[in-house]
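2 protein chains.
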Amino acid sequence: MNYCYTYPRPALTVDTVVFGYQNEEVSVLLIQRGGPPFQGHWALPGGFVEMDENLENAAQRELWEETGIRTLNLEQLHTFGEVSRDPRERVVSVAYFALVRPNQMAFRTGSDAEDARWFSIKNIPSLAFDHDRIISKALIRLREKLLHEQAGFKLLPKEFTLGQLQKIYEAILDQSLDKRNFRKKILGLGCLTALSKKLESVPHRSPILYSFDEQRFQKMDEIKFS
Amino acid sequence: MNYCYTYPRPALTVDTVVFGYQNEEVSVLLIQRGGPPFQGHWALPGGFVEMDENLENAAQRELWEETGIRTLNLEQLHTFGEVSRDPRERVVSVAYFALVRPNQMAFRTGSDAEDARWFSIKNIPSLAFDHDRIISKALIRLREKLLHEQAGFKLLPKEFTLGQLQKIYEAILDQSLDKRNFRKKILGLGCLTALSKKLESVPHRSPILYSFDEQRFQKMDEIKFS
DNA sequence: TCAAAAGTGTTGAGCGTACACCCATGC
DNA sequence: GCATGGGTGTACGCTCAACACTTTTGA
Numbered sequence: 001m002n003y004c005y006t007y008p009r010p011a012l013t014v015d016t017v018v019f020g021y022q023n024e025e026v027s028v029l030l031i032q033r034g035g036p037p038f039q040g041h042w043a044l045p046g047g048f049v050e051m052d053e054n055l056e057n058a059a060q061r062e063l064w065e066e067t068g069i070r071t072l073n074l075e076q077l078h079t080f081g082e083v084s085r086d087p088r089e090r091v092v093s094v095a096y097f098a099l100v101r102p103n104q105m106a107f108r109t110g111s112d113a114e115d116a117r118w119f120s121i122k123n124i125p126s127l128a129f130d131h132d133r134i135i136s137k138a139l140i141r142l143r144e145k146l147l148h149e150q151a152g153f154k155l156l157p158k159e160f161t162l163g164q165l166q167k168i169y170e171a172i173l174d175q176s177l178d179k180r181n182f183r184k185k186i187l188g189l190g191c192l193t194a195l196s197k198k199l200e201s202v203p204h205r206s207p208i209l210y211s212f213d214e215q216r217f218q219k220m221d222e223i224k225f226s
Numbered sequence: 227m228n229y230c231y232t233y234p235r236p237a238l239t240v241d242t243v244v245f246g247y248q249n250e251e252v253s254v255l256l257i258q259r260g261g262p263p264f265q266g267h268w269a270l271p272g273g274f275v276e277m278d279e280n281l282e283n284a285a286q287r288e289l290w291e292e293t294g295i296r297t298l299n300l301e302q303l304h305t306f307g308e309v310s311r312d313p314r315e316r317v318v319s320v321a322y323f324a325l326v327r328p329n330q331m332a333f334r335t336g337s338d339a340e341d342a343r344w345f346s347i348k349n350i351p352s353l354a355f356d357h358d359r360i361i362s363k364a365l366i367r368l369r370e371k372l373l374h375e376q377a378g379f380k381l382l383p384k385e386f387t388l389g390q391l392q393k394i395y396e397a398i399l400d401q402s403l404d405k406r407n408f409r410k411k412i413l414g415l416g417c418l419t420a421l422s423k424k425l426e427s428v429p430h431r432s433p434i435l436y437s438f439d440e441q442r443f444q445k446m447d448e449i450k451f452s
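First to last, the sequence lines map onto chains A and B.
The first sequence runs 1 to 226 under our numbering.
The second sequence runs 227 to 452 under our numbering.
This is the structure we're talking about:
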């Protein structure tokens, strides 16, 4: 108890909602808590902010320590500061949001006797603290990012087919889309490059692989606003 | 120094960006700092979060204490936590965002020998801390809210004319708009009620007063997403 | 030959944009 | 009567939604 202040202070944590995509389902990375409170409950990866690191760095570090996943592109979601959201004491948590590709989804279990797992967003268990509220907000943001920033490709390998991309949209928006209109709209963005390769060894016609040109997309976005 | 912890903790503050509209200009409420650091500089109203109040309540209280303005409808903007954003020590600040009507814009000066003033967003002085960055983010959010939530009427009296509303859009978007298209679009939302009164004693034809039906707008929004 | 997904165009409706004139009021 | 904003309609282009069949591949 060596750090003393004139006025009391809340503890400050970060929590990160990481979305991935596998088996045609969007899923969230959760860890199982090894100690109280909520021992054995599932929760978002996260922890206390150190004094010499920015909030985003703290979120990256905790994610790395607890799951072995490294990702840039963390984005701040919302800060949760209800007085009694943690039963021990006042804890304010800054929530972050990330999308990872399949090849980034492999994790190792953290040091703290915790287990980690991907859960489909259609089947999320009961969570510790107010983490269900955090995930609700993250899902809303995910839909917005999909619709306004075409973020779907960030959940796929760098090279992907239009069919895979459409399935992402359908999973996140929870509705089926018309194939022709989807392709027209996505290709009409002018940010996809058709690669000369095709995806082979599939039990049907080989689909063309595409890559997403993010720089071009940013430029298009700027033009729109002018 | 009676509050002691095992690990060091950042201080936690809230700051609020309040937008108003007067003299055909959108403006921000700032206070002049009465003590160091940045003594004499202008800054956003805000202060430390108490242990028994939620973040939004803290923002409301500080706004009330420092400016005498009371507003509901605070909305969280972003949390700023760069390590050195405050020269004294680590301070993390949760920024809030509010729109107030002209009749809410009267303020009293706070207790702390501070002055308060409305500044046009086209003429903002040099600010304390990273408050310029906070205002930049708030301006972006203001434009988004205008475009997606038609929030412009929240800067006007409950009863307003279409001409006044158009001026708000022009001030925030910083471009002139076509009068006929603007009216078509706004009336097409189906959320404006034409009142039987007209605005009188103006040196030209008396314009019709309208009120905005927020409930109806919310419903329209839900329908859109289904 | 069959199953499974890939790929491909047209049409109609609604929305945003461009554009110009007369009207009511106070001074 | 004049200055000042209030109020109004049409035509075009673009984007979105609906809709069905042929192609390729592996098993």
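Note that CB positions come from ideal geometry on N, CA and C, so glycine has one too.
This structure is a prediction, so every number in the text was calculated from the model and none was measured.
Decide if residue i is buried, meaning its Cβ has at least 16 other Cβ atoms within 10 Å, or exposed.
i                        : result
proline 102 of chain A   : exposed
lysine 411 of chain B    : exposed
valine 428 of chain B    : exposed
cysteine 4 of chain A    : exposed
alanine 420 of chain B   : exposed
leucine 147 of chain A   : exposed
glutamate 149 of chain A : exposed
I'd like the list of long-range same chain contacts for residue i, defined as Cβ closer than 7 angstroms, with 5 residues on each side in sequence excluded.
i                        : result
threonine 109 of chain A : Asp115, Ala116
arginine 367 of chain B  : Leu303, Phe323
proline 87 of chain A    : Pro37
lysine 158 of chain A    : Ser211
glutamate 377 of chain B : Looking at the sequence provided, one finds alanine at residue 377 of chain B rather than glutamate. Counting only Cβ-Cβ distances below 7 angstroms, and skipping sequence neighbours, we find Leu325, Lys371.
What is the DSSP secondary structure of residue i, counted as helix, strand or coil?
i                            : result
lysine 197 of chain A        : strand
tyrosine 169 of chain A      : helix
glutamine 376 of chain B     : coil
phenylalanine 80 of chain A  : strand
isoleucine 223 of chain A    : helix
alanine 43 of chain A        : strand
isoleucine 208 of chain A    : strand
aspartate 132 of chain A     : helix
phenylalanine 408 of chain B : helix
isoleucine 257 of chain B    : strand
glutamate 25 of chain A      : strand
phenylalanine 38 of chain A  : coil
phenylalanine 160 of chain A : strand
For residue i, collect the residues of the same chain with a Cβ closer than 6 angstroms to its Cβ; drop the 5 residues on either side in sequence, then sort them by chain order.
i                            : result
tryptophan 42 of chain A     : Leu30, Gln32, Pro125, Leu127
arginine 90 of chain A       : Pro10
phenylalanine 443 of chain B : Cys417
serine 319 of chain B        : Thr239, Asp241, Phe306
Between the options, which lies nearest to residue i when the distance is taken from Cα to Cα?
i                            : options                                : result
alanine 237 of chain B       : B:Thr387, B:Arg442, B:Phe306           : B:Phe306
glutamine 104 of chain A     : A:Phe182, A:Gln76, A:Thr71, A:Gly40    : A:Thr71
phenylalanine 333 of chain B : B:Val244, B:Ser437, B:Ile434           : B:Val244
phenylalanine 129 of chain A : A:Arg180, A:Lys197, A:Ser84            : A:Ser84
tryptophan 118 of chain A    : A:Gly35, A:Ala138, A:Glu25, A:Asn181   : A:Glu25
leucine 155 of chain A       : A:Leu209, A:Ile69, A:Leu165, A:Leu199  : A:Leu165
histidine 357 of chain B     : B:Thr239, B:Asn228, B:Met227           : B:Thr239
leucine 99 of chain A        : A:Gly47, A:Val28, A:Ile134, A:Phe212   : A:Val28
glutamate 75 of chain A      : A:Gly40, A:Glu56, A:Glu65              : A:Glu56
glycine 272 of chain B       : B:Gly261, B:Gly266, B:Trp290           : B:Trp290
glutamine 22 of chain A      : A:Asp178, A:Lys122, A:Gln150, A:Ser136 : A:Lys122
lysine 220 of chain A        : A:Leu189, A:Ser196, A:His204           : Correcting the residue type first, residue 220 of chain A is methionine in the shown sequence and not lysine. If we check each option's Cα against that of methionine 220 of chain A, A:Leu189 comes out closest.
Mind reading off the beta-carbon distance from residue i to residue j? Whole number of angstroms is fine, and I expect it under 8 angstroms.
i                        : j                         : result
arginine 143 of chain A  : isoleucine 172 of chain A : 6 angstroms
threonine 242 of chain B : alanine 285 of chain B    : 5 angstroms
serine 432 of chain B    : glutamate 426 of chain B  : 5 angstroms
leucine 270 of chain B   : isoleucine 360 of chain B : 6 angstroms
In chain order, what residues of the same chain lie with their CB nearer than 8 angstroms to the CB of residue i, ignoring the 5 residues before and after it?
i                       : result
glutamate 53 of chain A : Arg61
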